[in-house]
Structure formats: structure tokens, C-alpha cells
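Structure record follows, encoded as C-alpha cells.
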Amino acid sequence: NEGLSGEVKPRVLLMGLRRSGKSSIQKVVFHKMSPNETLFLESTNKICREDVSSSSFVSFQIWDFPGQIDFFDPTFDYEMIFRGTGALIFVIDSQDDYVEALSRLHLTVTRAYKVNPDIHFEVFIHKVDGLSDDHKIEKQGDIRRRASDDLADARLERIHLSFYLTSIYDHSIFEAFSKVVQKLIPQLPTLENLLNIFISNSGIEKAFLFDVVSKIYIATDSSPVDMQTYELCCDMIDVVIDISCIYGLAEEDPAVGSPYDKDSMAIIRLNNTTVVYLKEVTKFLAMVCFLREESFERKDLRVVSAGVRYRRLVKIITKQSNRLW
Ligand code: GDP
Numbered sequence: 056n057e058g059l060s061g062e063v064k065p066r067v068l069l070m071g072l073r074r075s076g077k078s079s080i081q082k083v084v085f086h087k088m089s090p091n092e093t094l095f096l097e098s099t100n101k102i103c104r105e106d107v108s109s110s111s112f113v114s115f116q117i118w119d120f121p122g123q124i125d126f127f128d129p130t131f132d133y134e135m136i137f138r139g140t141g142a143l144i145f146v147i148d149s150q151d152d153y154v155e156a157l158s159r160l161h162l163t164v165t166r167a168y169k170v171n172p173d174i175h176f177e178v179f180i181h182k183v184d185g186l187s188d189d190h191k192i193e194k195q196g197d198i199r200r201r202a203s204d205d206l207a208d209a210r211l212e213r214i215h216l217s218f219y220l221t222s223i224y225d226h227s228i229f230e231a232f233s234k235v236v237q238k239l240i241p242q243l244p245t246l247e248n249l250l251n252i253f254i255s256n257s258g259i260e261k262a263f264l265f266d267v268v269s270k271i272y273i274a275t276d277s278s279p280v281d282m283q284t285y286e287l288c289c290d291m292i293d294v295v296i297d298i299s300c301i302y303g304l305a306e307e308d309p310a311v312g313s314p315y316d317k318d319s320m321a322i323i324r325l326n327n328t329t330v331v332y333l334k335e336v337t338k339f340l341a342m343v344c345f346l347r348e349e350s351f352e353r354k355d356l357r358v359v360s361a362g363v364r365y366r367r368l369v370k371i372i373t374k375q376s377n378r379l380w
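Residues 56 to 380, numbered by full-length UniProt numbering, are exactly what the sequence shown covers, in order.
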């Protein structure tokens, strides 16, 4: 899985019945499309759509199931694709009847498992924005039960499926994607450990490592993540990139340079004595930290922006991530 610059990227396959929401997910997560615009996405007849996403560290492919695609078609080398895949996301439209989707899920998972038992199987129970909380849990239970019954009937209980409730109308889709991608990062425990050491030494309350383009967080320290904090990080990344795109590029030729580079950083003070701090780490990644105003103002905590510890951490993360991406 060599990316454009030769780096190894986590490879994700997005599958599901037509109209289940795959293109919308791709556009919203990787191309900053607003959820409402997806209403006007054209339906395509292609089975397979490649997304090179050279600006993100995740490499990504979409597969449709328009009616009968068959795995026996010799022109369709699914074996090669499954072999190179880290995670297979199967999207099920929760607002539609999902009997057909479940049988496709079963077929796909059993095929893929035969070729590559190391694939992570991730089921997105999608478009849950229309459902009440009770209804969501009920749907998830029902889909989970039926999918595992199908596997049990085929004596394939050892295949593990993970389930997520997702919608492009809130942050659940980003959160789910983050979890999927984190599983594909072998250095995750090391990164988490580094972030733990980093925050405990610098008066920071929470630190995230983000893929800037997709707003997927690939690691955080081991304190719990709450949705609000995560949403704030996403908002901050949007603000920084938007402002930088508008005012940060060379006026005479905006094609020169990038809205995100090694000088990218921002500090935002919230009205609750919290400071949010964003800093470039690698060409794909940014660190977003939360700290108290007092900590930020104490001189010794300049480490956050300029200190030795921070630079050392960045160096280590860069080294780690170069091995990966
Ligand atoms: P694909 O054929 O699997 O690529 O499906 P599309 O991405 O074209 O989506 C089909 C329709 O589902 C579009 O009208 C989207 O606006 C809609 N859709 C996608 N995601 C969501 C979601 O999370 N919630 C709701 N309510 N609709 C969605």
C-alpha cells in the first residue's frame, strides 16, 4: 500500500448497497462537503471508485453493490483488493429495510475473511439521525443479532464484527472513522504513551493527534474523550484551515504553497478559562491540546510552543509516523 510519496497508508474499503450513503460519507469526511449537499449527489453506476486522498493519511476505496455483482467475475480481482485492505466498512441504511444488506454483508465478510483473515470488519448502521435513542439501540441489537446468527449458521463465529451508529449530520461519522483507523495503527500504544508523558509534563489536560484533512483523530492520551471536546477540535481545525485558505496563501498565486505547513499553529481562548492550542506535527497531522489559562500563562509552560520537550515529542512522532505513512 504505497501512497504517492512512497509512505505506507492504512487502507480502508467502504462497501454497501447502493444509496446506503457511501459517497456521502466519503464527501463529508474527506472532502468537507456539507451534509445537506449530499442530497444532490449523483448516483453512479460504477462498482468501484478509487479515492487517492493524497492529502490525507488514509487511503480509501469505495465499492457498490448494484444488484448482482458477483464474486466469480474473473475480471474483478477482489482477492487482490481484500489482501491489501486493513479495514472493511460495510454501510447499512438504517432507514431502509436491511434484509438484503444483511445478506450482502454476510457474503462479503465470509469472502473477504477467506482471502485475508486479518481484515477488521466494521459495520456502520448509518442514517440514524432520524431515529430516537431507544430506536437506535433496538436497531443495533437487531442487526447485530441477525449478523451473528448468519455467521453462526455458517460456523464462522470466529469472525468478529464491530458496530457503530453513524450519521453525516453530526460528529458520529468522524468518531466512528477515528476508531476504525486507530485499529490500523500498530504504533497506537506508543503514541498514546507519548501523549500521556507529554501532557503530564506540560500542564495540558487533553491532547489529540489529528489527521487534518479528515478530522479523524488517530491518537489521544488515555483520559476519556467526550464528544464536546472532540467537536471543538474539529471546529478549530476548520477555522484554522479556512482562514489559512482565504488569507494565508500567496495572493499573486494561491496555487503556490499550502494552507497547512510546518508554521501552522493557532491559539483560541474559550470563555471558560480553557485554551485550545493547535500545532502542525507532520504534513498530515496536527496536535490539538486543551489547557487551563493559568497553565498556559505560566512561563515554564511555553514548552507548549517552543520548548525542548515539545520539539522532542514532535521528533519522535514524526519518526514513528514516517515509518507508517
Ligand atoms: P451511495 O450510493 O452508497 O454512495 O449513497 P449516497 O452517498 O449517494 O447517499 C444516498 C442518499 O442518502 C443521499 O440522498 C444522501 O443525502 C443520503 N444520506 C447519506 N448519509 C445520510 C445520513 O447520515 N443521514 C441521512 N438522513 N441521509 C443520508
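The C-beta atom is built at its ideal place from N, Cα and C for all residues, glycine as well.
Tell me whether residue i is buried or exposed, calling it buried when 16 or more other Cβ atoms sit within 10 Å of its Cβ.
i, result
"F300", "Looking at the sequence shown, residue 300 is not Phe but Cys. Exposed: under 16 other Cβ atoms inside 10 Å."
"P65", "buried"
"F95", "exposed"
"S158", "exposed"
"D276", "buried"
"V84", "buried"
"G122", "Model confidence at G122 stands at a pLDDT of 49, short of 50, so the residue's coordinates are unreliable; what they give is reported in the following sentence. Exposed, by the Cβ-count rule."
"Y302", "exposed"
"E212", "exposed"
"S269", "buried"
"S257", "buried"
"A305", "exposed"
"I298", "exposed"
Considering only heavy atoms of ligand 1, does any lie closer than 7 Å to the CB of residue i?
i, result
"R73", "yes"
"S89", "no"
"L94", "yes"
"H175", "no"
"K182", "yes"
"K191", "no"
"K77", "yes"
"I223", "yes"
"G185", "yes"
"S98", "yes"
Taking the alpha-carbon of residue i as reference, which of the options has the nearest alpha-carbon?
i, options, result
"T284", "V330, F253, E92, Y153", "V330"
"G71", "T165, G139, F179, K82", "F179"
"E97", "Q150, R74, F85, Q116", "R74"
"H215", "F253, D184, I174", "I174"
"R210", "L69, V268, T165, D197", "T165"
"A262", "L346, A321, E177, K194", "L346"
"F232", "Y219, P244, G185, L243", "Y219"
"A202", "E177, T221, Y224, D188", "E177"
"I147", "I292, K194, E306", "K194"
"S222", "F137, G312, Q150", "Q150"
"D197", "D152, K238, D184", "D152"
"D225", "E348, M282, Y332", "M282"
"V154", "N171, S269, T328, R200", "R200"
"S278", "E260, C289, V295, F265", "E260"
"L249", "M342, W118, G76, T140", "M342"
"F344", "E307, L304, A274, M88", "A quick correction: the sequence has Cys, not Phe, at residue 344. Closest by alpha carbon: A274."
"T337", "G258, T328, D316", "D316"
"E348", "E306, P172, T328, F145", "T328"
"T140", "A156, L160, V170", "V170"
"K77", "H86, E92, W118", "W118"
"A321", "G312, C288, E307, A305", "C288"
"L243", "S227, S257, K82, F265", "F265"
"L206", "I323, Y133, I136, H161", "H161"
"D293", "D204, S227, N251, K87", "K87"
"I80", "S227, E307, A156, I252", "S227"
"T93", "T245, A305, K182", "K182"
"P172", "K82, N251, E134", "E134"
"F229", "Q116, D290, D297", "D290"
"K234", "V280, D184, F253", "V280"
"S217", "R138, F145, K82, D132", "F145"
Is there a C-beta anywhere in chain D that falls below 8 Å from the one on residue i?
i, result
"S278", "The structure shown contains no chain D, having only a single protein chain."
On the premise that residue j lies in contact with residue i, defined as a C-beta separation below 8 Å, what is that separation, rounded to the nearest angstrom?
i, j, result
"I271", "V236", "5 Å"
"F339", "V267", "6 Å"
"A167", "L186", "At roughly 28 Å, the Cβ-Cβ gap does not stay under 8 Å, so A167 and L186 are not in contact."
"L325", "V295", "Contact doesn't hold; Cβ gap of about 15 Å is too wide."
"L239", "I136", "Not really, about 16 Å apart at Cβ, beyond 8 Å."
"E335", "S319", "4 Å"
Worksheet item: What residue ranges within the region 237–286 form continuous beta strand (DSSP E) runs of no fewer than 3 residues, ordered along the chain?
Response: 259–266, 271–275
Worksheet item: Going along the chain, which unbroken runs of the alpha helix (DSSP H) with 4 or more residues stay wholly within the region 158–245?
Response: 188–208, 227–237
Discussion item. Going residue by residue through the region 293–352, where are the continuous alpha helix (DSSP H) segments of at least 4 residues, counting only ones entirely within it?
Written reply: 348–352
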